[in-house]
Amino acid sequence: MAKRYWLFKSEPDCFSIEDLAASPDQTAHWDGVRNYQARNLLRDDVKKGDEVLFYHSSAKPTGIAGLCVVSRAGYPDHTAWDPDSEHFDPKARPDNPIWYMVDVTLKKKLPETLPLKVLKETAGLEEMMVTQRGARLSVQPVRPNEWKIIRKLLRDYL
DNA sequence: GCCAACGTTGGC
DNA sequence: GCCAACGTTGGC
């Protein structure tokens, strides 16, 4: 299977690129996804070696904060059956995990966030979910040509 | 804080 | 299974 590309959204108040950079081996689990469509992607489609845009939502500014790589494919999100977790789901059990997570490892923290505004103004990114209003999915596939455009943007913009 | 766009829930 | 009400997300 060819390497795929993804955009993962997180509110930096909850988990930021700085938090990932400060994690052991700059690696962390991407837990707390509680949306079935995103869950299905994490469980079935996100594979080790896939590349990820780390997106800060509800931030100043909102946009791409860094690049990561998937270091472990989907496995049960144990925070779901931890009553102390913010993302506790009373229906989840170890033998019926419901929710899944992956591990991500930091590749590059950008010196500054590439703003959503710039993505919206860039030709070729019009069909990206993140540039369309109301696209709330927290795990979004990124097309290879979009990845290429964004990599070039990152070189030119920063 | 506002509000549009979703997703989920629950009565029927 | 429909759909209205409600809750959440997330840009602005």
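For the first sequence, position 96 matches number 91 in our numbering, and the numbering has no gaps at all. Virtual Cβ for every residue (Gly too), placed ideally from N, Cα, C.
Among the residues of its own chain, which have a CB less than 6 angstroms from the CB of residue i, if the five just before and after it don't count?
i, result
"Ala54", "Pro7"
"Glu81", "none"
Near residue i, what residues of its chain come up, given a Cβ to Cβ distance below 8 angstroms and the 5 sequence neighbours on each side ignored?
i, result
"Pro89", "Pro71, His73, Trp76"
"Leu37", "Trp25, Val28, Gly69, Tyr95, Met96, Val97, Val134"
"Asp39", "Gly69"
"Tyr0", "Asp45, Glu46, Val47, Leu48, Pro136, Val137, Arg138, Pro139, Glu141, Trp142"
"Leu111", "Pro56, Thr57, Gly58, Val125, Thr126"
Could you check if residue i is buried or exposed, using at least 16 other CB atoms within 10 Å of its CB as the buried criterion?
i, result
"Arg34", "buried"
"Ala118", "exposed"
"Phe83", "exposed"
"Ala130", "exposed"
What do you reckon, are the CB atoms on residue i and residue j nearer than 8 angstroms?
i, j, result
"Val41", "Val64", "no"
"Asn148", "Leu101", "Here residue 148 turns out to be Leu, not Asn, going by the sequence shown. Cβ distance not < 8 angstroms, so Leu148 and Leu101 don't count as in contact."
"Leu157", "Met123", "Here the chain covers residues -4 to 153 and nothing more, so residue 157 does not appear."
"Ala(-3)", "Val99", "no"
"Ser18", "His51", "no"
"Leu132", "Thr126", "no"
How big is the Cα-Cα spacing for residue i and residue j?
i, j, result
"Lys104", "Tyr31", "29 angstroms"
"Thr57", "Phe49", "11 angstroms"
"Ala16", "Phe3", "16 angstroms"
"Asp14", "Ile59", "15 angstroms"
"Arg146", "Leu62", "10 angstroms"
"Ser66", "Glu116", "32 angstroms"
"Asp161", "Pro92", "This structure leaves residue 161 out entirely; the chain is present only between -4 and 153."
"Ile144", "Lys86", "42 angstroms"
"Glu107", "Lys43", "27 angstroms"
"Cys9", "Arg128", "22 angstroms"
"Pro78", "Ser5", "22 angstroms"
Starting from the C-beta of residue i, find all residues in its chain whose C-beta is less than 7 angstroms away, skip the five residues before and the five after it, and write them out in chain order.
i, result
"Gln21", "Leu15, Thr100, Leu101"
Complete alpha helix (DSSP H) runs within the region 19 to 86 (minimum length 4 residues, chain order): 31 to 35
Segments of 3+ residues assigned as beta strand (DSSP E) that fall wholly inside the region 98 to 149: 134 to 137
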